[in-house]
Structures are given as C-alpha cells and as structure tokens.
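>
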Amino acid sequence: MKKSLILFVLAAALFGYRSVSGQACLPEGITFATQQQVDHFALDYPDCTEIEGDVEISGGTITDLTGLLQLTAIGGDLRIYGNGSLPRLDGLDNLATIGGNLWIQHNPLLLNASGLDALTQIGHDLDIRHNHLLSHLGSLNALQWIGDALKIQSNNSLIAINGLNDLTTIGSDLSVVDNPSLTTLSSLENLLQVGGHLTIEGNNDLITLNGLNSLQTIDGDLLILRNSSLNNLGGLFDLVAVGGSVLIHDNQAQTSLTGMCNLYSVSGDFVLYQNPNLASLTGLNNLNAIGGALMIYYNHALPDLSGFSQLQAVGDDLILFQNAQLVSLHGLEGLASIGGSLIFEQNGQLTDLQGLDQLTSIGSDLILQKTCLNSLNGLQSLNEIAGSLKLTENLFLSDLSPLEHPVYIGADLLITGNPLLSECAVQAVCDYLLSPAGSITIEDNAPGCATVEEVETACTVGSTEPGHSWQTIGLSPNPTDGRLDIAGLEGLEGLLHVHDGSGRILLEQSFAGPATIDLGTIAPGLYYLSIRTSKQTICRKFIRE
Numbered sequence: 013m014k015k016s017l018i019l020f021v022l023a024a025a026l027f028g029y030r031s032v033s034g035q036a037c038l039p040e041g042i043t044f045a046t047q048q049q050v051d052h053f054a055l056d057y058p059d060c061t062e063i064e065g066d067v068e069i070s071g072g073t074i075t076d077l078t079g080l081l082q083l084t085a086i087g088g089d090l091r092i093y094g095n096g097s098l099p100r101l102d103g104l105d106n107l108a109t110i111g112g113n114l115w116i117q118h119n120p121l122l123l124n125a126s127g128l129d130a131l132t133q134i135g136h137d138l139d140i141r142h143n144h145l146l147s148h149l150g151s152l153n154a155l156q157w158i159g160d161a162l163k164i165q166s167n168n169s170l171i172a173i174n175g176l177n178d179l180t181t182i183g184s185d186l187s188v189v190d191n192p193s194l195t196t197l198s199s200l201e202n203l204l205q206v207g208g209h210l211t212i213e214g215n216n217d218l219i220t221l222n223g224l225n226s227l228q229t230i231d232g233d234l235l236i237l238r239n240s241s242l243n244n245l246g247g248l249f250d251l252v253a254v255g256g257s258v259l260i261h262d263n264q265a266q267t268s269l270t271g272m273c274n275l276y277s278v279s280g281d282f283v284l285y286q287n288p289n290l291a292s293l294t295g296l297n298n299l300n301a302i303g304g305a306l307m308i309y310y311n312h313a314l315p316d317l318s319g320f321s322q323l324q325a326v327g328d329d330l331i332l333f334q335n336a337q338l339v340s341l342h343g344l345e346g347l348a349s350i351g352g353s354l355i356f357e358q359n360g361q362l363t364d365l366q367g368l369d370q371l372t373s374i375g376s377d378l379i380l381q382k383t384c385l386n387s388l389n390g391l392q393s394l395n396e397i398a399g400s401l402k403l404t405e406n407l408f409l410s411d412l413s414p415l416e417h418p419v420y421i422g423a424d425l426l427i428t429g430n431p432l433l434s435e436c437a438v439q440a441v442c443d444y445l446l447s448p449a450g451s452i453t454i455e456d457n458a459p460g461c462a463t464v465e466e467v468e469t470a471c472t473v474g475s476t477e478p479g480h481s482w483q484t485i486g487l488s489p490n491p492t493d494g495r496l497d498i499a500g501l502e503g504l505e506g507l508l509h510v511h512d513g514s515g516r517i518l519l520e521q522s523f524a525g526p527a528t529i530d531l532g533t534i535a536p537g538l539y540y541l542s543i544r545t546s547k548q549t550i551c552r553k554f555i556r557e
C-alpha cells in the first residue's frame with residue numbers, strides 16, 4: 013500500500029494532480045445518496061474542483077451525474093455502487109485523477125463507462141463488478157496507470173474490455189473473472205507489466221488471450237481457469253517470466269499451449285490440471301527452469317511432454333498423475349535435476365521412463381506407484397535419490413536393470429506388490445542393502461524378489477566372476493586414518509571409486525589384485541567404496557577418522 017501511495021504521489025506530480033485554478037475541499041469526503049444532492053453540488057460548493065476525501069455515489073434515485081462536471085480530482089476513493097437507476101457516468105467528464113480506489117459495483121442499469129474520458133490515473137484499485145447490463149468499458153482511453161489492482165468480475169453482458177489502450181502498468185493484480193459474455197481482451201495491447209497475479213477465470217465465451225500481446229512480466233501467479241471456449245494461449249507471445257506459479261485448469265476446449273513461446277522461467281509451480289482436450293504442450297519450447305513443482309494431473313488427451321524440450325531443472329516435485337493417454341516422456345530429454353520428488357501414478361499408457369535419460373539427481377523420493385511400467389529404462393544416468401525409493405503395485409514391472417550402477421538412496425527402500433518382478437539384485441539395491449539409510453520393505457513381488465532375504469542372497473551370489481566370492485573382500489583398517497587396504501581382490505582388475513553420502517565420486521583408482529588407497533585430504537566422515545570389474549560392482553562402507 014505504501015509503495016502504491018508513493019507511486020501515486022510521483023505520478024500526480026507529473027500529470028498535475030492539482031489544477032492551477034482549482035480549489036481543494038471536503039477533506040472528510042462526501043456522499044451522494046439522492047439526485048438532489050448531485051444537482052446541488054455546484055451550488056453548495058461552487059469553487060470545489062478537488063475533493064480531498066472519499067466520494068460515494070449510492071442511491072436508488074440517482075439517474076444523472078452532470079451536476080459533478082466541475083470535479084477534476086478526488087484524493088480518496090470514488091465508490092459508485094448500488095445505483096438502481098443510473099445508466100451512464102456522464103458528468104465525471106473532467107475527472108483526471110483518483111488517489112484511492114475506483115469502485116463501480118452493483119449498478120444494474122449501467123451500460124458503459126462513458127464519462128470517464130479524462131481519467132489518467134488511479135492510485136489503488138479499479139474494481140468493476142456486478143453491473144449486469146455493462147457491455148463495454150467505453151471511455152477509459154486516457155487511463156495510463158493503476159497503482160494496485162484491476163478487477164473486472166461478474167459483469168454478465170460485458171463483451172469487450174475496450175477503452176484501456178493507454179494502460180501500460182498495473183501495480184498489483186489483474187483479474188478478469190466470471191464475465192460469461194466476454195469475447196476479447198482487446199485494448200490491453202500496451203500493458204507491459206502486471207505487478208501481482210494475472211487471473212483469467214470463468215469467461216465462457218473467451219476464445220483467445222489476444223490483447224495481452226505486449227505483456228512481458230507477471231510478478232505473481234498466472235492463473236487461467238475454467239474458460240470453457242479458450243483453445244490456446246495466443247496473446248501471451250511476449251511473456252518472458254512469471255514470478256509466481258502458473259496454473260492452467262479446467263479449460264475444456266484447450267488443445268495446446270500455443271502462445272507462450274517466449275516464456276523462459278517460472279519461479280513457482282507449473283500446474284496443468286484437468287484440461288480434458290489438451291493434446292500438445294507446444295508453445296513452451298523456451299521454458300528453461302521451473303523454480304517450484306511441475307504437476308500434470310488428469311489431462312487425458314496428452315500423449316507426451318514434447319513442449320518441455322528446453323527444460324533443464326525442476327526445483328521441487330515432478331508429478332504425473334492420471335494422464336490416461338500419456339505414452340511417452342519425450343520432451344524431458346534435457347532435464348538434469350529434480351529438487352523434490354519424482355512421482356508417477358496411474359498414467360495408463362506409459363511403459364518406460366525413456367525421456368529422463370539425462371536425469372542425474374532427485375532431491376527427495378522416487379515413487380512409482382500403480383503404473384503400467386514394464387521397465388525403468390530411462391534412469392540409466394540417475395546417481396542420486398536423496399529420499400526414498402518406492403516401487404509399489406506396478407503390475408507389469410519386470411526389469412530394474414537400468415539401476416545396475418551406483419545410485420545413492422538417502423532414506424527408505426520399498427519394493428512391494430510388483431507381481432512380475434523376480435530380479436531385484438541390481439547394484440543400486442544391493443549397495444543399499446549393504447549400507448541401508450532407512451527402513452527396508454521388500455514383499456509381495458515374484459519369487460526371487462519376494463523377501464529381503466531373497467534379494468540379499470541374490471546380491472551375495474550374483475557375481476559372475478569365475479571362482480571368486482565377493483564375501484572374501486574386506487577393508488582394513490576400518491575406521492581408517494587415511495590408508496585403506498582392500499583384500500580379497502586376487503585375480504580381479506577394475507576400478508575403485510570413493511563416494512560421499514550424496515553419491516559424488518571423490519577418488520578414482522584402478523586396481524589389479526589387492527589394492528591400497530591413500531585417502532589424502534578427504535575429510536573425516538562416512539564414505540562408500542565401490543569396486544567395479546567387467547562383470548559386477550559391489551559397495552562397501554568405511555569411516556575416515
């Protein structure tokens with residue numbers, strides 16, 4: 013509020029908030045409740061051109077405002093509401109500035125906003141709602157600046173938001189909500205910035221967002237909700253950054269995201285929720301980073317994620333839930349890291365994870381539940397799961413081989429209810445069983461992966477090195493003050509890797525037979541040694557003192 017007031021004072025100085033010849037009056041404001049009060053204003057206050065306080069116009073008998081023609085400025089709010097007989101705003105033709113809010117509400121006979129032709133600035137909100145015969149805004153062509161929010165809501169006959177051609181900045185929110193006859197946002201072509209949230213919601217006849225063509229930044233959220241005729245996002249071509257979240261929800265006719273081709277970053281979440289005809293994410297081809305979560309729910313016509321081709325990082329969760337026609341993760345090939353959890357559930361056509369080939373780290377849990385996956389193909393580059401690994405109730409899952417490499421798992425291991433999964437003795441699982449970071453649950457899978465004991469046995473005897481048992485391999489001394497001897501490597505050769513708790517490789521050394529590692533300047537702590545041959549890799553943990 014303080015920021016808006018400062019901006020208004022500066023703007024007032026530039027635009028001439030006080031006229032040279034005008035007189036300020038009525039610091040306590042004034043209320044017009046009858047037509048007689050309006051008509052007598054010029055007689056009662058003949059020299060008053062600038063009212064310092066609030067002005068309220070509210071009365072069932074008021075039909076005409078021409079008695080207010082002398083007004084050029086209002087320092088507080090102008091509230092025009094509950095006027096059951098007022099068809100127009102003629103009479104406010106010389107009003108240039110409003111220091112507070114302009115509310116035009118619940119005027120059932122108001123046809124347009126003609127009469128506000130001279131208005132150049134509003135210090136706080138412009139709020140136009142529940143004017144059921146209002147068909148267009150008409151004459152706000154001089155308005156250049158709104159200090160806080162522009163709210164246009166529940167005007168049943170409003171067809172066009174016209175008359176705002178000079179508006180370049182909105183200090184707070186822009187809300188266009190529940191205007192069922194609205195077909196166009198034209199006249200907002202010069203709007204460059206929205207300082208708060210942009211909400212386009214419940215405008216059933218709105219087909220396009222054309223009219224927002226110059227908008228470059230939204231400091232808050234972008235919310236596009238329940239617009240039943242909107243089929244794409246054409247009109248947002250210049251939008252580069254969203255400071256909050258993006259939520260696109262329940263737009264029944266929407267088939268693509270065309271129109272957001274220059275969007276580069278979203279600081280919050282990006283949510284696509286229940287858009288039943290959304291068949292393409294084309295239009296997001298420049299989106300590089302999402303600071304929050306990427307959540308895609310109930311988009312039953314979506315076959316792949318091809319619009320995310322430039323996406324490299326998701327700061328929080330990546331969640332795909334109940335997208336019935338999703339067959340591929342194509343489009344996520346550039347994604348390298350997820351800051352939160354990766355959660356896939358009930359995406360009926362998705363059989364593998366190809367498309368996640370560059371993904372190296374997950375900042376929390378990996379949860380694959382009630383999927384149609386038959387393998388984990390696509391996770392070959394994954395080396396860190398900071399939280400839990402949970403594979404549950406995947407009826408067709410039979411192959412964990414893409415995890416046949418070191419993968420740090422930082423919490424629990426849960427593999428349950430996968431009836432075709434008989435082989436769980438992959439390196440990521442075997443390493444975890446040697447050095448668990450949390451609880452272990454393995455049950456209700458096929459024989460061979462039905463219990464923890466079965467998997468431990470498979471991990472122990474899984475070496476294909478002829479005549480060699482991994483059980484003979486030992487580390488000493490452990491704990492160690494810097495020198496670590498590895499015994500039991502007779503007849504073997506390969507690579508030794510020292511990992512920290514996040515899976516990072518701190519040291520690499522080749523070996524041929526028993527070996528010694530100098531840990532040098534590696535700091536005290538718990539570490540993992542992976543011993544890799546051409547046939548298999550095992551993991552042992554040790555403590556550096």
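Each residue of the sequence shown is one higher than the last, beginning at 13 in this note's numbering.
C-beta atoms are modelled at their ideal positions from N, C-alpha and C, and glycine is treated no differently.
According to DSSP, simplified to helix, strand and coil, what is C37?
Strand, per DSSP.
> Within the same chain, show all residues whose beta-carbon is closer than 6 Å to that of A524, passing over the 5 residues directly before and after it, in chain order.
The residues are E505.
> Looking at S187: is its Cβ nearer than 8 Å to the Cβ of I171?
Contact flag unset, no.
> Taking all protein chains shown into account, do 16 or more other C-beta atoms lie within 10 angstroms of the C-beta of A85, making it buried, or fewer, making it exposed?
Result: buried.
> What is the C-beta distance between H509 and S546, in whole angstroms, given that I count them as a contact (C-beta under 8 Å)?
Going by Cβ atoms, the distance from H509 to S546 rounds to 15 Å, so no, they are not a contact pair.
> Mapping the DSSP letters down to three states, classify L138 as helix, strand or coil.
Strand.
> Of all the options I134, N167, D129 and P491, which has the alpha carbon lying nearest to the alpha carbon of I140?
It is N167 whose Cα lies nearest to the Cα of I140.
> Using a 10 Å radius around the Cβ and a threshold of 16 neighbouring Cβ atoms, would you call S33 buried or exposed?
Its pLDDT being 45, under 50, S33 is placed unreliably by the model, and the measurement read from it follows with that caveat. By the neighbour-count rule (16 or more Cβ atoms within 10 Å), S33 is not buried but exposed.
> Is T492 closer than 8 Å to F554 when the C-beta atoms are compared?
A contact, by the Cβ cut-off of 8 Å.
> With H, G and I counted as helix, E and B as strand and the rest as coil, what does DSSP make of V467?
If DSSP states are grouped into helix, strand and coil, V467 belongs with the helices.
> Mark D59 as exposed unless 16 or more other C-beta atoms lie within 10 angstroms of its C-beta, in which case mark it buried.
By the 10 Å Cβ count, D59 comes out exposed.
> Between G375 and V278, what straight-line distance do the alpha-carbon atoms span, to the nearest angstrom?
Using only the alpha carbons, I get a separation of about 19 Å.
> List the residues that DSSP assigns as beta-bridge partners of I350.
I350 pairs with V326 and I374.
> Which same chain residues, not among the five before or five after E466, have their C-beta less than 7 Å away from its C-beta?
So the qualifying residues of the chain are G460.
> List in chain order: all unbroken beta strand (DSSP E) runs of 3+ residues lying wholly within the region 125-207.
Whole beta strand (DSSP E) segments, 3+ residues: 138-141, 162-165 and 186-189.
> For Q381, which residues does DSSP report across the bridge?
Paired residues: E357 and T404.
> For I212, tell me which candidate among L237, M272, S199 and I379 has the shortest Cα-Cα distance.
Measuring from the Cα of I212, the nearest candidate turns out to be L237.
> Taking buried to mean at least 16 other C-beta atoms within 10 Å of its own C-beta, is T476 buried or exposed?
Any answer about T476 is weak, because its pLDDT of 44 lies below 50 and its placement is not dependable; what the coordinates show is given next. Exposed, because fewer than 16 other Cβ atoms sit within 10 Å of the Cβ of T476.
> In this structure, does DSSP put S488 in helix, strand or coil?
Strand, per DSSP.
> How close, in whole Å, do the beta carbons of G87 and G103 come, if the pair is a contact with beta carbons under 8 Å?
Incorrect: roughly 19 Å between the Cβ atoms, too far for contact.
> Looking only at its own chain, which residues have a Cβ that is under 6 Å from the Cβ of E357, when we skip the five neighbours before and after it?
Cβ neighbours of E357 beyond the five flanking positions: F333, Q381 and K382.
> Would you mind reading off the limits of the beta strand (DSSP E) that contains V258?
Element bounds for V258: V258 to H261.
> Under 7 Å Cβ to Cβ from L152, same chain only, skipping five residues before and after it: list those, please.
Counting only Cβ-Cβ distances below 7 Å, and skipping sequence neighbours, we find A125, L128, L131, G175 and L176.
> Measure the C-alpha to C-alpha separation of G255 and L145 and round it to an integer number of angstroms.
If you take the alpha carbons of G255 and L145, they lie about 36 Å apart.
> Could you say which of P39, A423, N395 and E405 lies nearest to N457 if we only look at CA atoms?
The shortest C-alpha separation from N457 is found at E405.
> Just the C-alpha distance for S430 and G343, rounded to the nearest angstrom, thanks.
The sequence given here places Asn at residue 430; Ser does not occur at that position. In a straight line, the C-alpha of N430 is about 28 Å away from that of G343.
> Quick check: the Cα distance between A527 and E416, rounded to an integer number of angstroms?
C-alpha separation (whole angstroms): 24 Å.
> Buried or exposed: which applies to L101, given that a residue is buried once 16 or more other Cβ atoms fall within 10 Å of its Cβ?
Buried is the call here.
> Check whether the Cβ atoms of H230 and V206 lie closer than 8 Å to each other.
Note that residue 230 is Ile in the sequence shown here, rather than His. Their beta carbons are under 8 Å apart, which means I230 touches V206 by this criterion.
> Do you know offhand how far E557's Cα is from Q521's?
If I take the Cα positions, the gap works out to 21 Å.
> Relative to the C-alpha of Q286, which residue among L259, M272 and I302 is closest?
When each option's Cα is compared against that of Q286, the closest is L259.
> Is the beta carbon of L251 sitting closer than 8 Å to the one on Q228?
Yes. Within cutoff.
> Leaving out five residues on either side along the sequence, give the residues of the same chain with a beta carbon under 8 Å from the beta carbon of L122.
N95, L98, P99, R100, L101, I116, N143, L145 and L146.
> Look at the alpha carbon of L507 and the alpha carbon of R544, and state the distance between them as a whole number of angstroms.
Between L507 and R544, the C-alpha separation is close to 5 Å.
> If you count every other CB in all the chains shown that lies within 10 Å of the CB of P68, and 16 or more means buried, which is it?
Strictly speaking, residue 68 in this sequence is Glu, with Pro absent from that position. Looking at its Cβ environment, which holds 16 or more other Cβ atoms inside 10 Å, E68 is buried.
> Measure the C-alpha to C-alpha separation of L362 and L317 and round it to an integer number of angstroms.
In a straight line, the C-alpha of L362 is about 12 Å away from that of L317.
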